[in-house]
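Protein chains: 2
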Amino acid sequence: MLELDSFLPYRLNVLAKRVSRQLARQYQDRFGISIPEWRVIAILGREQPLSSNDIVERSQMDKAKVSRAVAGLVERGYLSRQVHPDDQRLLRLAFTAEGRALYDRIAPLALDWERRFLAALTPTERAAFTGLLDRLEARLAAMASEDETAYLLSGEANAERLRKAAADMDAGKGILRDIKD
Amino acid sequence: MLELDSFLPYRLNVLAKRVSRQLARQYQDRFGISIPEWRVIAILGREQPLSSNDIVERSQMDKAKVSRAVAGLVERGYLSRQVHPDDQRLLRLAFTAEGRALYDRIAPLALDWERRFLAALTPTERAAFTGLLDRLEARLAAMASEDETAYLLSGEANAERLRKAAADMDAGKGILRDIKD
DNA sequence: CACAGATCGTTTCAAGTGAAACAAATAGCG
DNA sequence: CGCTATTTGTTTCACTTGAAACGATCTGTG
Chain A
1 MLELDSFLPY
11 RLNVLAKRVS
21 RQLARQYQDR
31 FGISIPEWRV
41 IAILGREQPL
51 SSNDIVERSQ
61 MDKAKVSRAV
71 AGLVERGYLS
81 RQVHPDDQRL
91 LRLAFTAEGR
101 ALYDRIAPLA
111 LDWERRFLAA
121 LTPTERAAFT
131 GLLDRLEARL
141 AAMASEDETA
151 YLLSGEANAE
161 RLRKAAADMD
171 AGKGILRDIK
181 D
Chain B
1001 MLELDSFLPY
1011 RLNVLAKRVS
1021 RQLARQYQDR
1031 FGISIPEWRV
1041 IAILGREQPL
1051 SSNDIVERSQ
1061 MDKAKVSRAV
1071 AGLVERGYLS
1081 RQVHPDDQRL
1091 LRLAFTAEGR
1101 ALYDRIAPLA
1111 LDWERRFLAA
1121 LTPTERAAFT
1131 GLLDRLEARL
1141 AAMASEDETA
1151 YLLSGEANAE
1161 RLRKAAADMD
1171 AGKGILRDIK
1181 D
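Chains as they are written, first to last, in the working numbering: chain A, 1 to 181; chain B, 1001 to 1181.
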C-alpha cells in the first residue's frame, strides 16, 4: 500500500521545498533577490565572466528563467552584460562592484544557514548522506535515459518518430517491439 | 567558498524536481492526472472520506491548490463531494468507483517506479537514508520555529505585530531589542 | 561564397501558483 | 440568545513558470 509519508518522491519534494523557502528568507526580504537570481549570483561567484548558456548548464534552470534573472540583476546594477567580441551571440556576464559586494554579503548567510541545517548530522553522517545523494542522482540519470529510449518508441509526443518506428515495425524490423512492451 | 554542486539546498531541489518529473511521466500522459491531483488521490487511497482541510494537512499543499485539484477530479468523475451532515462547511471527499479504479492502477506504477529508483541503494542504505531524512526534517522544523520567533520580532511582513512591538520598545520594554538585532 | 541549419538569448503565451479577499457556516464569549 | 471571531473551501489577482516561437548570429557544407 502506498503510504505517502514514506513515499520517497513525496518526502524529497516536501523537504526540498521547505529548505528552499527557509533559505530564501535569508536573502529575499533583506536584499530583494529571488531564488533564480540568487542561483545566478552563486554561479558567478565562483567563475566569471560567463555566458547565459554557461549559467543554464551550471544551474539546471531553463534558459528563459536564466534570461529573466539576468535581466533583473543587470537592471538593478549588479551585473554587467557585454557582448562577446568573438561571438556576438554570446554575452559576457560579470559582477559590477555592487554585485560583488552583494555576493560577499549573501554567500556567508547561505553557507551559515547550511551549516546550521547540517548540524543535525555528524560529519560521518553528512558524508554518508551526500554519498547516497550521489548514488540516487546517478540512478535517476540512468532511469531518465532508459525512459528516453522507451519514449521514442512509445511516442506519445513525437508523432514523426513514432510513425517511422511503426513503419519499421510493419516492415518486419520488429526487434524493438519487445523493448517497447 | 560556495560551491553550488555541493550546496545541499540546491542539490535537494534539483533532485526532488527531477524525481517528481520522472515519476509524473508514469501517470500524466497515461491518465491525464496532474501532480497535485495525484497527491490528492494518493492521500485518499489510504483514508476515506476526508475533508479538503484534511488533505491540505496531509499533502503539505496550500488550500487553493487542493481546491483546484479536487475540483478537477470531481469534474472528471473520480471523486464524490458531499457536504458533511454535522458541519456544512466540511466536505466529504471520497472515490467514486472510477476513482478507486484509477487509484488501483496508478498506485502500483508509482510504487514500482520508487522500487526501481531505490534499487540504487542496498536495504541498509535505504534505511540509513530515510533515517537521515527524518533527522533533517526535524532539524528544519526546529529552525523554522526559531525563525518564526525572530520573524515576529523583526516583522517585515506583519505590520500589526511590528507596530505593537515597536510601541513596547518605545515604552521602554526593550528586552527584545537585543534579540531583534 | 551562399545558404541551410545550428546556437544563443529574448519574448510570447497559456497554464500553474500562492497570498489574500471572500462567502458561508460554525463556535465561542459576554 | 446575539454578535464577534474563527474555520472551511472557493475565487481573484498578480506573479512565475516553461514550452515554443522568434530574431540575430554563427557554422558547416557543397
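The beta carbon of each residue, even a glycine, is placed where N, CA and C say it ideally should be. The model shown is predicted, which means the values in this text are computed figures rather than measured ones.
Is residue i buried or exposed, if buried means 16 or more other CB atoms sit within 10 Å of its CB?
{"i": "B/Asn1013", "result": "buried"}
{"i": "A/Met1", "result": "exposed"}
{"i": "B/Asn1158", "result": "Low local confidence applies: a pLDDT of 40 at B/Asn1158 is under 50, so the model's placement there is unreliable, and no value is given."}
{"i": "B/Ser1059", "result": "buried"}
{"i": "B/Ala1110", "result": "buried"}
{"i": "A/Ala142", "result": "exposed"}
{"i": "B/Gly1131", "result": "exposed"}
{"i": "A/Arg161", "result": "With a pLDDT of only 38 at A/Arg161, under the threshold of 50, the placement of this residue in the model should not be trusted, and no figure is reported."}
{"i": "B/Ala1107", "result": "buried"}
List, in chain order, every chain B residue whose beta-carbon is nearer than 9 Å to that of residue i.
{"i": "A/Gly32", "result": "None at all; the shortest Cβ gap to chain B is about 11 Å."}
What's the gap between the Cα of residue i and the Cα of residue j?
{"i": "B/Leu1121", "j": "A/Trp38", "result": "33 Å"}
{"i": "A/Arg18", "j": "A/Ser34", "result": "16 Å"}
{"i": "B/Ala1069", "j": "B/Ala1097", "result": "18 Å"}
{"i": "B/Pro1009", "j": "B/Gln1088", "result": "42 Å"}
{"i": "A/Glu156", "j": "B/Ile1043", "result": "Low local confidence applies: a pLDDT of 39 at A/Glu156 is under 50, so the model's placement there is unreliable, and no value is given."}
{"i": "B/Asp1086", "j": "B/Lys1063", "result": "22 Å"}
{"i": "B/Ser1145", "j": "A/Asp104", "result": "27 Å"}
{"i": "A/Tyr151", "j": "B/Gln1026", "result": "Confidence is the limiting factor: at A/Tyr151 the pLDDT is only 47, short of 50, which leaves the residue's position unreliable and the question unanswerable from this model."}
{"i": "A/Leu140", "j": "A/Pro36", "result": "23 Å"}
{"i": "A/Val83", "j": "A/Leu73", "result": "16 Å"}
{"i": "B/Leu956", "j": "A/Leu133", "result": "Residue 956 of chain B falls outside the range modelled here, since chain B spans only 1001 to 1181, and no answer is possible."}
{"i": "A/Glu125", "j": "B/Val1066", "result": "36 Å"}
{"i": "B/Ala1138", "j": "B/Arg1046", "result": "24 Å"}
{"i": "A/Arg11", "j": "B/Arg1135", "result": "13 Å"}
Could one say the Cβ of residue i lies closer than 8 Å to chain A's Cβ atoms, at least one of them?
{"i": "B/Ile1055", "result": "no"}
{"i": "B/Val1019", "result": "yes"}
{"i": "B/Val1070", "result": "no"}
{"i": "B/Phe1095", "result": "no"}
{"i": "B/Ala1107", "result": "yes"}
{"i": "B/Arg1135", "result": "yes"}
So with CB distances below 7 Å, who are the chain A contacts of residue i?
{"i": "B/Val1040", "result": "Under the 7 Å cutoff, chain A gives no residues; its nearest Cβ is about 11 Å from B/Val1040."}
{"i": "B/Glu1047", "result": "Chain A residues near B/Glu1047: none, gap ~10 Å exceeds 7 Å."}
{"i": "B/Val1014", "result": "Gln60"}
{"i": "B/Glu1075", "result": "Correct list: empty, because the minimum Cβ distance to chain A is about 23 Å."}
{"i": "B/Leu1111", "result": "Leu2"}
{"i": "B/Glu1125", "result": "Leu132"}
With a threshold of 8 Å between beta carbons, is residue i in contact with chain B?
{"i": "A/Phe7", "result": "yes"}
{"i": "A/Glu156", "result": "Any reading at A/Glu156 needs caution, since the residue's pLDDT is 39, under 50, leaving its predicted position unreliable; the model's value is listed next. So, interface residue."}
{"i": "A/Arg58", "result": "yes"}
{"i": "A/Glu266", "result": "Past the edges of chain A, shown from 1 to 181, lies residue 266 of chain A, and the structure says nothing about it."}
{"i": "A/Gly116", "result": "Sequence inspection shows Arg at residue 116 of chain A; the Gly mentioned does not correspond to that position. It does; some Cβ of chain B falls within 8 Å."}
{"i": "A/Ala101", "result": "no"}
{"i": "A/Ala138", "result": "yes"}
{"i": "A/Arg81", "result": "no"}
Using a Cβ cut-off of 8 Å, pull out every chain A residue sitting near residue i, in sequence order please.
{"i": "B/Leu1023", "result": "Pro9"}
**Prompt:** If you scan the stretch 1028-1066 of chain B from start to end, which runs of the alpha helix (DSSP H) of 4 or more residues do you find wholly inside it?
**Reply:** 1028-1031, 1035-1046, 1052-1059
**Asked** Counting only runs that start and end within the stretch 59-134 of chain A, where is the alpha helix (DSSP H) found for 4 or more residues in a row?
**Response** 63-75, 97-118
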